[in-house]
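Here the structure comes first, spelled out in structure tokens, and everything after it is commentary.
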Amino acid sequence: MKKEKSCFRVFFAWQDEKEEQWLNSMVQKGWYFKGYRKFRYHFEQGEPADVIYKLDYKSTSNKDLEEYKVIFKEAGWEHVDSFLGWHVFKGKAGERFSETLYSDRESNAQKYKGLLLTTGLAFMSGLSVATSLVFNDSFPHSSVGNFFKGFYTALLILLGVSLTLIYRKYRRLLSR
Numbered sequence: 006m007k008k009e010k011s012c013f014r015v016f017f018a019w020q021d022e023k024e025e026q027w028l029n030s031m032v033q034k035g036w037y038f039k040g041y042r043k044f045r046y047h048f049e050q051g052e053p054a055d056v057i058y059k060l061d062y063k064s065t066s067n068k069d070l071e072e073y074k075v076i077f078k079e080a081g082w083e084h085v086d087s088f089l090g091w092h093v094f095k096g097k098a099g100e101r102f103s104e105t106l107y108s109d110r111e112s113n114a115q116k117y118k119g120l121l122l123t124t125g126l127a128f129m130s131g132l133s134v135a136t137s138l139v140f141n142d143s144f145p146h147s148s149v150g151n152f153f154k155g156f157y158t159a160l161l162i163l164l165g166v167s168l169t170l171i172y173r174k175y176r177r178l179l180s181r
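Numbering (the working numbering), first residue to last: 6 to 181.
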């Protein structure tokens with residue numbers, strides 16, 4: 006029977022390359038990524054191998070999901086799992102056409118453009134909720150009210166930082 010383990014790790018949207026490096030270091034130790042559930046990465050033990058994991062963000066609807074997977078499969082990538090618009094692919098040495106999912110910087114930049122749109126919508130939604138509920142004088146001045154004010158303030162700061170860092174990645178890819 007194969008051993009399994011799960012790990013709790015936090016990566017932000019702009020840290021996709023760092024997440025890939027971590028997944029790749031895990032497979033070098035013999036831990037193969039199986040999925041992401043309940044805020045935990047799940048692995049299955051096997052022999053260390055020359056396998057590489059890559060992440061892609063797809064912000065479109067799932068109507069074309071099967072076609073999306075087929076395109077990557079034909080390039081030697083296996084779809085492992087998806088969560089919150091992120092898709093994890095793995096490829097074995099010699100069975101994929103390249104070390105990256107995209108061969109040109111414009112296609113890679115489109116990943117971040119979709120992520121910018123999604124993050125921007127989340128920021129605008131959070132701002133709308135925060136201004137209409139939390140930062141309203143009629144909102145209760147209690148420990149619960151203060152908690153929500155703090156929560157929404159932290160959330161907006163995190164989303165703002167996310168937007169800035171994702172935009173920098175996007176611009177850097179376009180300017181190369």
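From the three backbone atoms N, C-alpha and C, an ideal C-beta is built for every residue, glycine too.
**OP:** Compare the C-alpha of Phe13 against each of Lys7, Arg45 and Glu22 and name the closest.
**Re:** The sequence position of residue 13 within the sequence shown is 8, counting from 1. Nearest C-alpha to Phe13: Arg45.
Original post:
Nearest to Val56 by CA position, among Glu79, Ala18 and Gly99, is which residue?
Top reply: Within the sequence shown, numbered from 1, the residue matching residue 56 stands at position 51. Considering only alpha carbons, the answer is Gly99.
Original post:
So, helix, strand or coil for Trp82, using DSSP?
Top reply: In the sequence shown, counting from the first residue as 1, residue 82 sits at position 77. Three-state result, Trp82: coil.
Original post:
When the Cα atoms are used, what is the spatial distance from Tyr37 to Phe128?
Top reply: If you number the sequence shown from 1, residue 37 lands on position 32. If you number the sequence shown from 1, residue 128 lands on position 123. Across the structure, Tyr37 and Phe128 are spaced so that their CA atoms are roughly 34 angstroms apart.
Subject >> Distance between Lys7 and Gln26 (C-alpha atoms, nearest Å) >> reply: Residue numbering aside, residue 26 sits at position 21 when the sequence shown is read from its first letter. Residue numbering aside, residue 7 sits at position 2 when the sequence shown is read from its first letter. Roughly 24 angstroms separates the two Cα atoms.
**OP:** At 3 residues or longer, and completely inside the segment 29-117: list those beta strand (DSSP E) runs for me, N to C.
**Re:** Every unbroken stretch of the beta strand (DSSP E) spanning 3 or more residues and falling wholly within the segment 29-117 is given here in chain order: 36-42, 45-50, 56-62, 83-88 and 91-97.
**OP:** Locate the beta strand (DSSP E) running through Ser137, then write down its first and last residues.
**Re:** Here residue 137 is taken as the residue at index 132 of the sequence shown, counted from 1. No beta strand (DSSP E) holds Ser137; DSSP gives it neither H nor E.
**OP:** Check the C-beta distance from Val85 over to Phe77 and give it rounded, since I have them as a contact under 8 angstroms.
**Re:** Taking the sequence shown and counting its residues from 1, one reaches residue 85 at position 80. Taking the sequence shown and counting its residues from 1, one reaches residue 77 at position 72. Not quite, the Cβ-Cβ distance comes to about 11 angstroms (not below 8 angstroms), so this is no contact.
**OP:** Counting only the same chain and skipping the five closest in sequence on each side, list residues whose C-beta sits under 7 angstroms from that of Gly35.
**Re:** What you label residue 35 is simply residue 30 of the sequence shown in a count that begins at 1. Closer than 7 angstroms at Cβ, skipping near neighbours: Gln50, Gly51, Glu52 and Pro53.
Original post:
Taking Tyr41 as the reference, which of Tyr73, Glu24, Phe153 and Phe88 has the closest Cα?
Top reply: The sequence position of residue 41 within the sequence shown is 36, counting from 1. For the residues Tyr73, Glu24, Phe153 and Phe88, the minimum Cα distance to Tyr41 belongs to Phe88.
**OP:** Just confirm the distance between the C-beta atoms of Ser64 and Leu106, as a whole number of angstroms; I'd bet it's less than 8 angstroms.
**Re:** Here the question's residue 64 lines up with position 59 in the sequence shown. Here the question's residue 106 lines up with position 101 in the sequence shown. Ser64 to Leu106, Cβ: 15 angstroms. No contact.
Subject >> Chain-order list of residues whose beta-carbon lies under 7 angstroms from that of Leu160 (same chain, five-residue window excluded) >> reply: The residue you call residue 160 lines up with position 155 of the sequence shown. For Leu160, where only same-chain residues beyond five positions count, the Cβ hits under 7 angstroms are Gly131.
Original post:
Just the Cα atoms here: how many angstroms apart are Lys174 and His92?
Top reply: As a first step, residue 174 is located in the sequence shown; it is residue number 169 there, counting from the start. As a first step, residue 92 is located in the sequence shown; it is residue number 87 there, counting from the start. So the alpha carbons of these two residues sit roughly 19 angstroms apart.
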